[in-house]
Every structure is written in structure tokens, then in C-alpha cells.
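The structure under discussion appears below in the form of C-alpha cells.
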Amino acid sequence: MKLQNDLFLRAAKGEKTERPPVWLMRQAGRILPQYRALRASLSGFKELVTSPALAAEVTIQPIDELGMDAAIIFSDILVIPEAMGLDYEMIPGKGPVFPSPLTSSKAILDLEFGSAAAAKLTYVYEAVQITKKELNGRVPLIGFCGAPWTILSYMVEGGGSKTFSKAKKFLYQYPQDAHVLLQKITDTSIFYLKNKINAGVDLVQIFDSWAGILSPAQFLEFGLPYIRQMCDAIHEVPITVFAKGAWFGLDKMGKLDCDVIGVDWNTYPSIARHLVGPDKVLQGNLDPCMLYSSPEKIQKATLEMIEKFGGQHIVNLGHGVYPDTPLDNVRVFVDTVKNYAYPQ
6 MKLQNDLFLR
16 AAKGEKTERP
26 PVWLMRQAGR
36 ILPQYRALRA
46 SLSGFKELVT
56 SPALAAEVTI
66 QPIDELGMDA
76 AIIFSDILVI
86 PEAMGLDYEM
96 IPGKGPVFPS
106 PLTSSKAILD
116 LEFGSAAAAK
126 LTYVYEAVQI
136 TKKELNGRVP
146 LIGFCGAPWT
156 ILSYMVEGGG
166 SKTFSKAKKF
176 LYQYPQDAHV
186 LLQKITDTSI
196 FYLKNKINAG
206 VDLVQIFDSW
216 AGILSPAQFL
226 EFGLPYIRQM
236 CDAIHEVPIT
246 VFAKGAWFGL
256 DKMGKLDCDV
266 IGVDWNTYPS
276 IARHLVGPDK
286 VLQGNLDPCM
296 LYSSPEKIQK
306 ATLEMIEKFG
316 GQHIVNLGHG
326 VYPDTPLDNV
336 RVFVDTVKNY
346 AYPQ
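Following this note's numbering, the numbering of the sequence shown begins with 6 at its first residue and continues without gaps.
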């Protein structure tokens with residue numbers, strides 16, 4: 006099916022575009038009143054994630070409401086550990102919790118992984134198929150997964166954390182077990198992304214949300230090699246790698262077999278370009294909190310960001326949009342980008 010708006014894919018492939026494309030991480034979510042209304046009618050977050058038709062509905066909501074240049078399938082990175090045999094709960098006001106986090110070598114060895122584990126996630130693939138059909142070529146669809154280190158951090162820590170000290174201690178005390186677990190997550194994630202591609206996604210993004218809490222040495226041992234495996238295994242669609250906080254690894258990420266590198270708000274665009282090199286497209290990096298500001302300041306900051314990247318750029322925030330962000334301010338951000346034109 007021919008895309009009516011292929012701006013995002015052209016930009017991701019490094020082609021020259023008339024303006025930068027724009028989308029938001031977490032754009033399908035609580036910034037939208039229609040999403041909040043739907044969530045209120047359900048038993049919880051996981052019911053939404055595991056209901057293909059509903060997941061497709063909320064994936065498309067920001068396209069209808071804000072006119073983004075790409076949709077991202079509504080799901081969660083923690084479907085991977087669940088498919089591997091480690092169940093999680095989503096607790097309101099607290100976030101994800103694993104009732105039985107990994108504490109032993111045996112528990113790691115007992116995990117299912119690879120194609121068998123990925124095959125369990127049929128509800129995600131069905132959501133992709135429904136979304137593609139209902140989008141009807143309006144915009145591309147992004148599929149995603151968590152990077153292996155980020156997934157490990159939840160499986161060992163037992164939930165979210167400011168420091169992930171249990172997970173980091175695990176790397177120091179049990180490095181061999183860590184590598185076994187990271188490899189199992191990697192193998193499962195590769196099959197998962199390939200299944201999503203077969204279902205119809207046009208680009209995949211790897212989120213290493215907790216890369217920045219690792220030391221540079223830890224990132225090079227426990228983070229980057231597994232992301233590299235994933236990039237090397239996938240050639241069917243463009244790949245974006247976003248390792249939040251890992252500015253110290255940008256030069257190494259620039260050598261990955263991927264197309265786009267995400268940049269958080271703590272990194273100057275010029276430094277990111279210098280470290281990554283000239284060949285990758287960069288994505289980001291407005292501070293999500295800027296969207297709490299006035300419309301005038303949002304417009305000014307957005308235009309300044311675009312100018313600083315100077316092309317080869319996909320506009321986004323430096324992380325996901327916060328759920329209490331005013332919708333009208335998000336609209337200002339998106340419309341500012343859509344009304345921009347690169348100098349001829």
C-alpha cells in the first residue's frame with residue numbers, strides 16, 4: 006500500500022525532505038482525553054495492551070487528533086519478559102512490578118526465549134495488522150521493543166527505580182548470569198521485532214531507557230553489544246536506536262548498523278552530530294518539560310532546535326511526553342514543525 010505521507014520514512018532513510026517529520030514518544034496516551042476515557046472503561050493498563058482492537062484504536066488517536074507524521078503501536082516493553090515467563094503487574098501510581106524478580110541462575114536458565122517466547126505475543130502482531138488496515142496508508146507505523154539491558158533492569162530490580170542499584174549490583178556480582186540473561190532477551194527481541202515487521206510495521210525503534218545509569222564501561226559490556234546484535238539481525242526496515250542518557254556512547258552508536266539515533270535533551274545537537282558522525286539521522290531532542298511553557302516559548306524553542314540540528318533530523322522530544330502535558334501545547338509543538346520549511 007502506497008503511503009500518503011512518507012515524510013518520516015524518507016527522513017529515516019537519510020533522504021532530503023521538505024521539512025523534518027514529527028512524532029512523539031508516548032504520543033498514544035494520557036495527553037489525549039479520548040485515551041483517558043477509554044482507559045476509564047477498562048480494568049487496567051494490561052487489558053488495553055492485550056486487546057488488539059483497542060490497542061489499534063489508541064495508536065491511531067494521535068494521528069486523528071494531532072496529525073503526526075508517524076504512528077507508534079501501543080504496547081509496552083515489558084511484554085518481552087512476560088512472554089519469557091516472568092509476569093508483571095501495572096500498579097496505578099507506581100508503575101510496573103514483577104512479583105517474582107530474578108534472583109538465581111536457575112530462574113534465568115528456566116526462562117523461555119527466542120522464537121517460542123516471541124510467538125506468544127500474538128496480540129501485539131494482531132494489533133499491528135489492525136492498525137495498518139485502519140491507517141490505510143495515512144502514515145507509517147513504528148514498532149518497538151526495549152533494549153536488553155533495560156529489560157534486564159526490570160526483571161532483576163522487580164520494578165521501576167531511580168537507581169536500579171539491584172540490577173547494577175547484579176552486573177558486578179554475577180556478570181556471567183547477566184550475559185546469559187541478556188542473550189536470552191536479545192534472541193527473543195529479535196524474533197519479536199521480525200514478527201512485528203512481518204505484521205506490517207515500517208520502522209522499529211529500540212528503547213534503552215536506562216542506558217544512562219550505566220557507567221561507560223558497563224554500557225560497552227552489557228548494553229551496546231546486545232543492541233548491535235539486534236541491529237545486525239534486522240535489515241527489512243529502518244532501525245532507530247535511542248539510549249537515553251548514554252551520551253558517552255554516541256560515538257560507538259554511530260557505528261551501529263542502524264539508520265536513526267535518538268538524542269535526549271541533555272545533549273547539544275552539535276555534539277551529538279560530531280560524535281555520531283555524518284551518516285546517521287538524528288531524532289529528538291526537546292526537553293519534554295518545555296511543553297509546559299507558553300505557546301510562544303514552545304514555538305521559539307522548537308524552531309531553535311530544528312535549526313541547531315540543521316537537517317537529517319526527525320523532530321521529537323528527548324524522551325516520552327509527560328501525561329499531564331496540556332494537549333494545546335502539544336499541538337503548538339506539532340504545528341510549528343509542520344509549518345516549517347527547510348531553506349531551498
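Glycine included, C-beta positions come from ideal geometry on N, C-alpha and C.
For residue i and residue j, what's the separation of their Cα atoms in angstroms?
i	j	result
Gln317	Pro348	13 Å
Leu14	Phe227	30 Å
Phe338	Ile65	19 Å
Ala277	Leu12	23 Å
Ser275	Glu312	11 Å
Val286	Lys18	8 Å
Ile195	Gln9	29 Å
Glu1	Pro38	As displayed, the chain neither begins before 6 nor continues past 349, which places residue 1 out of reach and without an answer.
Ser110	His184	11 Å
Leu255	Ala222	13 Å
Lys257	Lys249	14 Å
Gln181	Ile113	11 Å
Ile266	Asp207	17 Å
Arg336	Tyr177	45 Å
Leu107	Ala16	40 Å
Looking at the structure shown, is residue i part of a helix, part of a strand, or coil, going by DSSP?
i	result
Thr272	coil
Asp11	coil
Glu94	strand
Ile147	strand
Gly119	coil
Thr245	strand
Ala76	strand
Asn141	coil
Gly100	strand
Asp340	helix
Ile232	helix
Val286	strand
Thr129	Per the sequence presented here, residue 129 reads as Val, with Thr not at that position. Three-state result, Val129: helix.
Asp81	coil
Gln188	helix
Leu261	coil
Looking at C-alpha atoms only, which residue of the options is the closest neighbour of residue i?
i	options	result
Leu2	Pro243, Ala60 and Leu29	Limits of the chain in this structure are 6 at one end and 349 at the other, which puts residue 2 out of reach.
Ala350	Leu280, Ile244 and Gln234	There is simply no residue 350 to check, as the chain begins at 6 and stops at 349 in what is shown.
Met160	Lys137, Phe224 and Met89	Met89
Ala42	Pro25, Glu62, Val27 and Pro57	Glu62
Gly98	Pro328, Ala58 and Val265	Pro328
Phe247	Gly259, Glu241 and Ala238	Gly259
Phe212	Thr193, Ile82 and Ile303	Ile82
Ser170	Ile218, Thr330 and Leu198	Ile218
Taking 7 Å as the cut-off, is the C-beta of residue i nearer than that to any heavy atom in the ligand FMN?
i	result
Leu287	You won't find the ligand FMN in this model; it holds no ligand whatsoever.
Residue i and residue j look like a contact to me (Cβ under 8 Å); what is the Cβ gap, rounded to whole Å?
i	j	result
Ala60	Val54	6 Å
Gly151	Ser220	Going by Cβ atoms, the distance from Gly151 to Ser220 rounds to 20 Å, so no, they are not a contact pair.
Leu308	Tyr345	7 Å
Report yes or no: do three or more beta-carbon pairs, one from the segment 126-137 and one from the segment 199-206, lie closer than 8 Å? In this structure the segment 126-137 lies against the segment 199-206, because at least three pairs of beta carbons, one per stretch, are closer than 8 Å.
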